[in-house]
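There are 2 protein chains.
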Amino acid sequence: MLEDKEQQRTPLSEIGEFGLIHRIKDSVQLKNESSIKGIGDDAAVLSFEGEKTVLSTDMLTEGVHFNLGYVPLQHLGYKAVVTNLSDICAMNAIPSQILVSIAVSDRFPVEAIDELYSGMLIACQKYKVDLVGGDTTSSQSGLVISITAIGHQKKEEIVYRNGVKENDLLVVSGDLGAAYFGLQILERENEVWKANPAVQPDLSPYNYLIERQLKPEARLDIVKLLKELDVKPTAMIDISDGLASETLHLSEESNVGFVVYEEKIPMDQQVISAGEEFDVNASIAALNGGEDYELLFTIPLEDHEKIKANPHLTVIGHATAKSEGCNLVSRGFQTKVPLTSQGWDSFQKYKQEVIKAKKESNSEEE
Amino acid sequence: MLEDKEQQRTPLSEIGEFGLIHRIKDSVQLKNESSIKGIGDDAAVLSFEGEKTVLSTDMLTEGVHFNLGYVPLQHLGYKAVVTNLSDICAMNAIPSQILVSIAVSDRFPVEAIDELYSGMLIACQKYKVDLVGGDTTSSQSGLVISITAIGHQKKEEIVYRNGVKENDLLVVSGDLGAAYFGLQILERENEVWKANPAVQPDLSPYNYLIERQLKPEARLDIVKLLKELDVKPTAMIDISDGLASETLHLSEESNVGFVVYEEKIPMDQQVISAGEEFDVNASIAALNGGEDYELLFTIPLEDHEKIKANPHLTVIGHATAKSEGCNLVSRGFQTKVPLTSQGWDSFQKYKQEVIKAKKESNSEEE
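Protein sequences, first through last, are from chains A and B.
To convert a position in the first sequence, counted from 1, into our numbering, add 167.
To convert a position in the second sequence, counted from 1, into our numbering, add 167.
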């Protein structure tokens, strides 16, 4: 549907692995001082004087993490890089290099690989990151992408998951739930298109949702903003699996509980509308949808003044004693429901039970 | 054939991705001072005070790089780590950490993944390397392994591919060609076994060859030996694709030519025997077989004294002017043939032509 019509299809076998490596090498220019040696030797060499090296890696497989039926290769390349940079940002570190490995089957022509790398290089340019190495190989089936992101930061500036203190505020950047609905829309329109390729869908009411799914950003700007605001989070994580799952990770690693207020969770108007259209509670998309790549972090209560006017940051709860567990205070009813990363069912069911109980209690009162 | 009979088969879905990560995390203990934070945060944090960070990555895909019909998972894990460490050694650096990402399909039970990681951890223990992070994900088809190896070295000790000077000696560690014949034997015996599973092959005449294929080692000992001998190579590369291909890489990057003497190429007696058995010139296995993971390096002529008595090191040629190209002086006939990484055919054909020409010239002389 969104895939480009390839004008030219050069078989990969025509240029071979070394040809492909040369092609990638030629399209890359090292820009960071810390990149001493890039593609073209047995290993890359990096220099982080006086700073720690921060590393993260992710693997994406076709049919599991992406569907080339509706994800353009250039977007896929961009997203694959950005999601890795997001992990470096979640350490409060500055991403500076990536290593990219891909396995491709014969069905991908050279032009498709070019498109994939062009998306990666656009992300590299935007985030001032150098592509310093990797591997290109064959796969007997689909496309596999493995990216290692490298960053750096002073020891005292690095933020782990384990520093939350009781009463710290829980803060999230941007808004949540959009990437989930973006995926629902792309999947739905792909089904419509498969049934009738002549139909040209009008996706404009969903542009924000689709952009958040296809072209997410790493919140390096938030890392820089926090430094400007002179706020060092006590703990930080990026939201890849969903707000609920990440809150539970912070809870587990920091040995604290959390209260999250459903009504505080920042959501775009398109998320609310899509929730109604798909008959899915929008909060659940925010809690369990994932792929938002926003930063979730905690700050000491006394730093509240420094962030409270900022439109990019929302306080959504606070840390409690571990014994109190992790709970969501639901909108309207103001009742506590245990926060779980078990997915949708339990929360939906709970909501229905609460509504039922409220109705019964109301009718009893009447 | 060599695969273990699994006693227990726990479906991966039973423990889930987080269960698998916990399982891996629990089996890992960080031992290096440079490993500040390992598995369990958004990224790993490493510290290389006063040294450069050296990084290399490789991707292995089932059916392309390994065949689980005759490669036990524990050996596969070991080899996957070692081949990456070999790249770090080829920079004259000390490997210290790895990141491991795997994509697996449903057909792999938890016990199979345990076996794979146990092989990786044996390699980690042997080479004093910490497993500090990675990713575990699903694949719609086979097994994919992507490993990033990290090492460190002082700036002035790092050795690149581009430092060869004319008249430098070309030196190789260990012996060559065995891994190639190991693969031929495993493939042959696998075919025999598929035709008749009752046949138990006697592989003892090939034990060295099979070990070199299934369980290669990274020559970290050579990196340390060179330091002891006070020899700093002018350039270095590891032999993954074959002596010919790697010599051409050094030539290209350093802008020199090379002369390699066929009769100097170190080969084990089992390689010579296997060459006869398979009717393949053993030198060609050494030149183009690959997967030997020995180090190929150049040293100044004046350092010859320091290495010449060492049984682990063999001088096989020297660097020349770029204009002379890369040539092999063939055994016996002492004629020069251009070194190519184009595989077997051209060299075999050339040999036959030389033999024919020699015979004709001899008969003319008679």
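Here a beta-carbon is modelled for each residue, glycine too, at the ideal position from N, C-alpha and C.
If you're wondering where the values come from, they're calculated on a predicted model, not measured in any experiment.
| Asked | Found |
| --- | --- |
| Start and end residues, alpha helix (DSSP H) containing A:GLY492 | Here A:GLY492 belongs to no alpha helix (DSSP H), and DSSP marks it neither H nor E. |
| Where the beta strand (DSSP E) containing B:HIS319 begins and where it ends | 311-320 |
| Proximity test, Cβ basis, 8 angstroms: A:ILE406 and chain B | no |
| Reduced DSSP category for B:GLU229 - H, G, I as helix; E, B as strand; rest coil | strand |
| A:LEU240 - partner residues in DSSP beta bridges | None; A:LEU240 has no bridge partner. |
| Option nearest A:ASN251 by Cα separation, candidates B:PHE275, B:TYR245 and B:GLY301 | B:GLY301 |
| Proximity test, A:GLN320 beta-carbon vs the ligand SAM heavy atom, cut-off 7 angstroms | Here there are no bound small molecules, and the ligand SAM is not part of this structure. |
| C-alpha gap between A:LYS503 and A:ASN448, whole angstroms | 17 angstroms |
| Buried/exposed call for A:ASN363, threshold 16 Cβ in 10 Å | exposed |
| Cα-Cα separation, A:LEU396 to B:LEU266 | 34 angstroms |
| Own chain, CB closer than 6 angstroms to B:GLY236, minus 5 neighbours either side, in chain order | ASN357 |
| Distance CB(A:SER306)-CB(A:LEU462) smaller than 8 angstroms | no |
| For A:MET403 and A:LEU417, the rounded distance between their alpha carbons | 8 angstroms |
| Own chain, CB closer than 7 angstroms to A:ALA453, minus 5 neighbours either side, in chain order | LEU343, GLY344, LEU410, ILE432 and MET434 |
| Close Cβ partners of B:PRO178 (< 8 angstroms) along its chain, the five nearest in sequence each way excluded | ASP273, PRO276 and VAL277 |
| CA-to-CA distance, A:ASP369 to A:GLY442, given in whole angstroms | 18 angstroms |
| is_contact[A:TYR460, chain B] using C-beta, thresh 8 angstroms | no |
| contact_flag[the stretch 422-429 of chain A, the stretch 487-507 of chain A] where n(CB pairs < 8 angstroms) is 3 or more | yes |
| Beta carbon proximity, A:GLU420 to chain B, threshold 8 angstroms | yes |
| Among B:LEU376, B:ASP281 and B:LYS192, the one whose alpha carbon lies nearest that of B:SER440 | B:LEU376 |
| Secondary structure of A:GLN437, DSSP reduced to three states | helix |
| DSSP bridge partner residues for A:GLY484 (one or two, in chain order) | A:LEU337 and A:VAL427 |
| Proximity test, Cβ basis, 8 angstroms: A:LEU222 and chain B | yes |
| Listed by chain order, chain A residues near B:LYS219 by CB distance under 7 angstroms | ILE203, VAL212, LEU213 and SER214 |
| Presumed contact (8 angstroms Cβ cut-off) between A:SER508 and A:ASP405, rounded CB distance | A:SER508 to A:ASP405, Cβ: 15 angstroms. No contact. |
| Closest by C-alpha distance to B:GLY456, when choosing among B:PRO467, B:SER412, B:ASP446 and B:GLU469 | B:SER412 |
| Interface flag, B:MET140 vs chain A, CB-CB below 8 angstroms | No answer is possible for residue 140 of chain B: it lies beyond the span of chain B, which begins at 168 and ends at 533. |
| Test item: CB-CB of A:SER180 and B:MET226 under 8 angstroms | no |
| Closer than 7 angstroms at the beta carbon, the chain A residues around B:LEU266 | LEU222, THR224 and THR315 |
| First and last residue of the uninterrupted alpha helix (DSSP H) at B:ALA279 | 277-294 |
| Chain B contacts from the stretch 464-479 of chain A (Cβ-Cβ distance under 8 angstroms) | none |
| For B:THR465: DSSP bridge partner residues | B:LEU337 and B:ALA402 |
| Per-residue DSSP class, three states only, for A:VAL271 | strand |
| Check whether A:ASN329 and A:HIS485 have beta carbons under 8 angstroms apart | no |
| Chain-ordered neighbours of A:THR304 on chain B, where CB pairs are closer than 7 angstroms | MET226, THR228 and VAL231 |
| Beta-bridge pairing of B:LEU266 - partner residues as DSSP gives them | B:GLY300 and B:THR315 |
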